Amino acid sequence: MTSLKALVLEQTRKYHREQEPGDFVPGVTPILSSGAVLDEDDRAAFVEAALDMRIAAGISARRFESAFAAYYKLRKAHLVNSGSSANLLALTALTSPKLGEARLRPGDEVITVAAGFPTTVNPILQNGLVPVFVDVELGTYNTTAERVAEAISPRTRAIMIAHTLGNPFPVAEIADLATEHDLFLVEDNCDAVGSTYRGKLTGTFGDLTTVSFYPAHHITAGEGGCVLTGSLELARIVESLRDWGRDCWCEPGTDNTCLKRFDYQMGTLPAGYDHKYVYSHVGYNLKATDPQAALVLSQLRRLPEFIETRRRNFRRLSEGLADLPGLLLPQATPDSDPSWFGFPISVLPEAPFTRQQLVARLEERKIGTRRLFAGNLTRHPAYQDVPCRIVGDLTNSDFVTEHTFWIGVYPGITLEMADFVIDTIRTFVTGRH
Ligand SMILES: Cc1ncc(COP(=O)(O)O)c(C=O)c1O
């Protein structure tokens, strides 16, 4: 490293230390529902990538992909520019002609959940497939294997579900159903990095799994996401779709990895057409850049600590609010140990106050609140006329739309802040009873 670069990085670290937030002032300092927790190493890693002008995906992207695949003990990870892109790639991969008869075709059904984030569902529609919506349980906010089993029809080809706010859905049972009925399973693990079900990481049960690195998530790249799989065949397809649809798998800036660059004959192209420019998928460009990769690679160091702090904050809130009437507190799915994304609370219809009133009090005291994303997605304007099937009723998804919100547990929340949140909610609820 040149001495000038070392100096810039040292000054970067110094600058970081100057930015440290001041003391927490209850009711004045915002307690965010989520946010990035960045240290001086993160800032230095990001700045170093910029100093090197690694402006496209490069060495940090490759390092991150292999470190993250190793974390999951999966064969391949592909870094992308968002969790939504990861979901789009994961589901689109299942439509690849490379899968032959196994591939999903327009009109095929994919079972999903009505209450959640829109881009878990959108790739189903974007690929001309039909979402089949099932309801969730209250408390866990996840669906059950029974609901999924009931939704399977002769047209069903895949299941794509998110682990809600980090709380695992019963993924082992749903993976068994998928095997039994020859269905693909995609785990949207965007909110659940580090969660386990029966002692095994979520994201390792399905054919493909996705992660988001938006600042709200467990580790961040700014904007970013990842697709992981244990299948080399699916990984090749994901990479092709991510990288313009090309058939070639050379890393950017390298040529002729296969030693047959000018020897193929594909499609109706002339023999020997440069393999770098042969397209086997109708693809996208969804790559992330190296400064993003350098940041998320640096964040990965702290993942175990982040997961532990999220669990600690969750426990503190659970214990502090346990005896309050009128509230339904979150419950971990049986057999799971969630790496929580947030702390969902439902205001029971019989409570002498409404969600709106409680949320207003929290926001007044600078405590950030969020909805359980879309609530019942089928009630949103964009989904009024989409082809879909609904199995059973969506009573609980409607309940979530009307009565549920969540507050933060992210590692930027200290125990002092969590206690202030508890005190605010306790004072509000006891004052109304
Ligand atoms: C469950 C779930 N899936 C997908 C996404 C999309 O991730 P991104 O914002 O990185 O596109 C989110 C975003 O929060 C999410 O919560």
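Count along the sequence shown starting at 1, add 1451, and that's the number in our numbering.
Virtual Cβ for every residue (Gly too), placed ideally from N, Cα, C.
Since the model is a prediction, treat every value here as computed from it, not as a measurement.
query, result
"Quick check on the DSSP output: the beta strand (DSSP E) that includes G1793 runs from which residue to which?", "G1793 to V1798"
"Can you tell me the Cα-Cα spacing of A1802 and T1881, whole angstroms?", "11 Å"
"To the nearest angstrom, how far is it from the Cα of L1772 to the Cα of D1849?", "24 Å"
"Can the beta-carbon of L1530 be found less than 7 Å from the beta-carbon of C1677?", "yes"
"Hey, how far is the Cα of R1526 from the Cα of G1819?", "38 Å"
"Which residue or residues does DSSP assign as beta-bridge partners of L1683?", "Paired residue(s): none; L1683 is not in a bridge."
"Can you find a heavy atom of ligand 1 that lies under 6 Å from the Cβ of S1535?", "yes"
"Quick check for students: name the residue ranges of the alpha helix (DSSP H) that lie wholly in the stretch 1663-1709, counting only runs of 4 or more.", "1683-1693"
"With three or more C-beta pairs closer than 8 Å as the rule, is the stretch 1705-1722 touching the stretch 1681-1695?", "no"
"Does the stretch 1611-1622 come within contact of the stretch 1590-1600, defined as at least 3 CB pairs closer than 8 Å?", "yes"
"Can you tell me whether L1455 is buried or exposed, with buried defined as 16 or more other CB within 10 angstroms of its CB?", "exposed"
"Assuming F1757 contacts V1488 under a Cβ cut-off of 8 Å, what Cβ separation, rounded to an integer in Å, is found between them?", "7 Å"
"Please return the same chain residues whose Cβ sits closer than 7 Å to the Cβ of E1690, not counting the five positions on each side in sequence.", "H1529 and W1700"
"Report the residue from Y1665, A1507 and I1482 whose alpha carbon sits nearest the alpha carbon of T1533.", "It should be noted that the sequence gives Ser, not Thr, for residue 1533. Nearest C-alpha to S1533: Y1665."
"Threshold first: 4 residues or longer. Then list the alpha helix (DSSP H) segments lying entirely within the stretch 1537-1608, N to C.", "1569-1577 and 1596-1602"
"Quick one: what's got a C-beta closer than 7 Å to A1500's C-beta in the same chain, skipping five residues either side?", "S1511, D1741, P1742 and A1745"
"Ligand 1 heavy atoms versus the CB of C1888: any closer than 6 Å?", "Past the edges of the chain, shown from 1452 to 1884, lies residue 1888, and the structure says nothing about it."
"List the endpoints of the continuous beta strand (DSSP E) containing I1876.", "No beta strand (DSSP E) holds I1876; the alpha helix (DSSP H) holding it covers L1866 to R1883."
"Does the distance between the C-beta of Y1592 and the nearest non-hydrogen atom of ligand 1 fall short of 6 Å?", "no"
"Could you check whether the Cβ of A1833 sits closer than 6 Å to any heavy atom belonging to ligand 1?", "no"
"Relative to ligand 1, is the shortest distance from any of its heavy atoms to the C-beta of A1613 smaller than 6 Å?", "yes"
"Is the beta carbon of P1582 closer than 7 Å to that of V1564?", "no"
"Apply the 10 Å Cβ neighbour rule to H1884 and answer buried if 16 or more other Cβ atoms are within range, or exposed otherwise.", "exposed"
"So what's K1651 in DSSP terms, helix, strand or just coil?", "strand"
"When the distance is taken between beta carbons, is E1867 closer than 7 Å to F1475?", "yes"
"Does the beta carbon of Y1715 fall short of 6 Å from some heavy atom of ligand 1?", "no"
"Quick one: what's L1636 bridged to in DSSP?", "I1610"
"For a minimum of 4 consecutive residues, which ranges assigned as the alpha helix (DSSP H) are wholly contained in the stretch 1737-1789?", "1741-1751 and 1754-1772"
"Which complete alpha helix (DSSP H) runs does the stretch 1791-1840 hold, if anything under 4 residues is left out?", "1806-1815"
"Quick one: does the C-beta of F1794 sit closer than 6 Å to a heavy atom of ligand 2?", "In the structure on display, ligand 2 does not appear, and the ligands it does have are ligand 1."
"What would DSSP say about D1732, mapped onto helix, strand or coil?", "According to the sequence shown, residue 1732 is His rather than Asp. DSSP places H1732 in coil when its eight states are reduced to three."
"Counting C-beta neighbours from all protein chains within 10 Å, is the total for G1473 16 or more, i.e. buried, or is it exposed?", "exposed"
"If you follow the beta strand (DSSP E) that T1855 is part of, which residue opens it and which one closes it?", "T1855 to G1859"
"Assign T1719 to one of three DSSP states: helix, strand, or coil.", "coil"
"Would you mind giving the Cβ-Cβ distance between L1754 and I1670, rounded to the nearest angstrom? I have them listed as a contact below 8 Å.", "6 Å"
"Please report how far the alpha carbon of Y1648 lies from the alpha carbon of I1625, in whole angstroms.", "12 Å"
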